[in-house]
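**Q** Counting along the sequence shown from 1, when you hit position 259 you're at 260 in the numbering used here, and nothing is skipped either side.
Each residue gets a CB set at the ideal place from its N, CA and C atoms; glycine is no exception.
Note that the structure is predicted; figures quoted are calculated from it, not measured.
What follows is a structure written as structure tokens; I'll ask about it next.
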Amino acid sequence: MRRVSTILRRSAMAVLALGLLWLNGRPYLAPVTQPDSERVPKNAVSHLAWIREKLADGAGQSMQRLFPEGFFFCHALYGLAWVEIGLRSAEHRVMAAREARRALTNVESAAGKEAFLPELPPGHGMFYAGWRNHLQAGVVLLTGDEGEKAQLRSRCDALVQALTASPAWPWLASYRDQVWPCDAPPGIHAMCVYDSVTGEDRYADFAARWLEAVNQNLSPEFGMVTHVADPGSGRPLGPPRATSQTIILRFLADIDPTFASAQYERFQTHFHDSILGVPAILEYPHGIDAPGDVDSGPLIAGVSASATVVGMGVAQIYGDHEFSRAISQFGETVGLPCGIGRRRYLGGMLPVGDAFVVHATTARPWLQQASSFTVRRTPVSVLWRSGIHLVSSLGVALAFLIWRGGRRRRRKLGSLAESSITTEAGSE
């Protein structure tokens, strides 16, 4: 029995040693982000292959039971990540167009629309219309298909009419009496893509009016778009939040690079942070202590994991590469990636999370050159990995103390047993 116990303890120590080696070595491996907009990020294609299999097995439906837009985001982000890859690589363009169309079909299905009210203009509300148009714009960008262009034009025209008539201008309700400003930029971005592909400037004046109205409805305190707006007036309510800012900034990069760069620098000032030196993104601006919700997920020291993942891609778009790279390397450590040819994170427990990750790692401007952005770089300490090493060291120390305490207890119990045996023998 003692020999078995020794083997088990040594095996446990070996597993612990390998785990610590893995944990402390992962942050030094190459990141999965790719700042070169003409190259496909490593593992992106295998990651999408796994997501496609899970979607075929009903992952969209299972994610819908957990999140308000779970089905929609699973399929839309899958398709949009393929658009990003198609823009990066001519070799993958045919497959990218096919998969993006597949995603658009699922988004347009009854299941894709189920969570959204059909009576909300321009049909199923701002969130649905904006992201659907954005995905279709990606298909148009990859294929140039005339039928897709015509349908995109019709849908963009409908969105222009709905936004113009909205009491919440420059915003539009996504759900009844609920307005989230971050839902509008995907639709405006789709209009910009249409104009770029066709050369028509059909939506240029509208986009300019929209931007002017956005500037008039920024948070007075932070000079940024707020997370929520008044459904009756469009006026800002509450502070900006990272889960919406990271979405807005991704689209602003193509809508108005100058305004976008200024907004990104405000985002750096108010939201970029670190935990034990590891770069991260706060859900609320510095100085605001508030709880998380279904959008942000649970907050750790104010940091939102979901906003940090999406923000990784945003930083890549704006050329803030050290910040993006460090987040990617940390994610490769704590996200427990696995799978050869079918990559996923956390054992594949949350496919919608994988969709957000691959959409972030493939991020690039669609209409601008990455060199267009001259934002300041977020300072990232060369010692940011030391926090991981410190936590690992504390873990080793704790494990040693537990092991040593157990060994002492075993010795004490052994001594007591021997003493008892000796006493019993003497009494006989």
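With a CB to CB cut of under 8 angstroms and the five nearest residues on each side skipped, what residues in its chain are close to Pro69?
**A** So the list reads Ala116, Val295, once near-sequence residues are dropped.
**Q** With distances taken Cα to Cα, identify the nearest neighbour of Lys43 among Arg344, Thr247, Leu118.
**A** Checked all of Arg344, Thr247, Leu118; the closest Cα to Lys43 is Arg344.
**Q** Could you give the C-beta distance for Ser47 and Gly342, rounded to a whole number, given that I count them as a contact under 8 angstroms?
**A** So it is a contact: roughly 5 angstroms between Cβ atoms.
**Q** Indicate whether Ser175 and Phe128 have their beta-carbon atoms separated by less than 8 angstroms.
**A** Yes.
**Q** Is Asn216 a contact residue of the ligand ADP, with contact defined as CB to any heavy atom under 7 angstroms?
**A** No copy of the ligand ADP appears in this structure; indeed no ligand is present at all.
**Q** Can you name the start and end residues of the alpha helix (DSSP H) that Pro280 belongs to?
**A** Per DSSP, Pro280 belongs to no alpha helix (DSSP H); it is in the beta strand (DSSP E), 279-282.
**Q** Considering only residues of the same chain and omitting the five flanking positions on each side of Tyr319, which have a CB-CB separation below 6 angstroms?
**A** The answer, listed in chain order, is Tyr265, Phe374, Val376.
**Q** With distance defined between alpha-carbon atoms, name the residue in Arg326, Ala243, Leu142 nearest to His273.
**A** Checked all of Arg326, Ala243, Leu142; the closest Cα to His273 is Ala243.
**Q** In the DSSP assignment, find the unbroken alpha helix (DSSP H) run with His48 in it and report its ends.
**A** It spans 45-57 - the alpha helix (DSSP H) in which His48 sits, taken as one unbroken run.
**Q** Nearest-angstrom Cα distance between Gly224 and Thr270?
**A** Rounded to whole angstroms, Gly224 to Thr270 spans 12 angstroms at the Cα level.
**Q** Have a look at Met313 and Arg53 and give me their C-alpha separation to the nearest angstrom.
**A** The alpha-carbon atoms of Met313 and Arg53 are separated by roughly 23 angstroms.
**Q** Grouping DSSP H, G and I as helix and E and B as strand, with all else coil, what is Ala426?
**A** Because Ala426 sits at a pLDDT of 49, beneath the cut-off of 50, its placement in the model cannot be relied upon, and the point is left open.
**Q** Gly332: buried (16+ other C-beta within 10 angstroms of its C-beta) or exposed?
**A** Gly332 should be labelled buried.
**Q** Assuming Ala185 and Pro171 make a contact with CB atoms under 8 angstroms, what is their CB distance in whole Å?
**A** Sure, about 7 angstroms apart at Cβ, within 8 angstroms.
**Q** Since Gly188 and Ala151 should fall inside the 8 angstroms C-beta cutoff, what is the C-beta to C-beta distance between them, to a whole number of angstroms?
**A** About 17 angstroms separates the two Cβ atoms, so there is no contact after all.
**Q** State yes or no: is the C-beta of Val161 within less than 8 angstroms of the C-beta of Tyr204?
**A** The answer is yes: Cβ separation under 8 angstroms.
**Q** Work out the CA separation of Thr334 and Ala426 for me, nearest whole Å.
**A** Since pLDDT at Ala426 reaches only 49, below the 50 mark, its modelled position is unreliable, and the value read off the structure follows with that caveat. Each residue's Cα considered, the two are about 58 angstroms apart.
**Q** Only counting the same chain, and skipping five residues up and downstream in sequence, which positions put a Cβ closer than 6 angstroms to that of Trp385?
**A** Counting only Cβ-Cβ distances below 6 angstroms, and skipping sequence neighbours, we find Gly278, Val279, Ala327.
**Q** What would DSSP say about Asp274, mapped onto helix, strand or coil?
**A** Here Asp274 sits in strand by DSSP.
**Q** Could you tell me the distance, in whole angstroms, from the CA atom of Asn107 to the CA atom of Val41?
**A** Spanning the two alpha carbons is a distance of roughly 25 angstroms.
**Q** Measure from the alpha carbon of Arg133 to the alpha carbon of each residue in Ala364, His228, Glu149, then state which is nearest.
**A** Closest by alpha carbon: Glu149.
**Q** Output the distance between the C-alpha atoms of Arg99 and Thr259, rounded to the nearest integer angstrom.
**A** About 34 angstroms.
**Q** Using three-state DSSP, classify Ser307 as helix, strand or coil.
**A** Ser307 falls in the helix class under three-state DSSP.
**Q** Kindly indicate which residue of Glu120, Leu250, Trp367 has the alpha-carbon position closest to the one of Ala163.
**A** Here the closest residue by C-alpha is Glu120.
**Q** Please classify Ile8: is it buried, with 16 or more other beta-carbons within 10 angstroms of its beta-carbon, or exposed?
**A** With fewer than 16 Cβ atoms within 10 Å of its Cβ, Ile8 is classed as exposed.
**Q** Might you give, ordered along the chain, the residues of its own chain that have their beta carbon closer than 8 angstroms to the beta carbon of Trp51, omitting 5 neighbours on each side?
**A** Cβ within range, chain order: Gly340, Arg343, Arg344, Arg345, Gly349, Asp355.
**Q** Using CA coordinates, which residue listed in Leu142, Phe252, Ala208, Ile249 is at the minimum distance from Thr199?
**A** The candidate whose alpha carbon is nearest that of Thr199 is Leu142.
**Q** Which same chain residues, not among the five before or five after Tyr79, have their C-beta less than 6 angstroms away from its C-beta?
**A** Same-chain partners within the cutoff: Ile52, Ala104, Ala356.
**Q** Please say whether Gly113 and Val353 have beta carbons closer to each other than 8 angstroms?
**A** Cβ distance not < 8 angstroms, so Val353 and Gly113 don't count as in contact.
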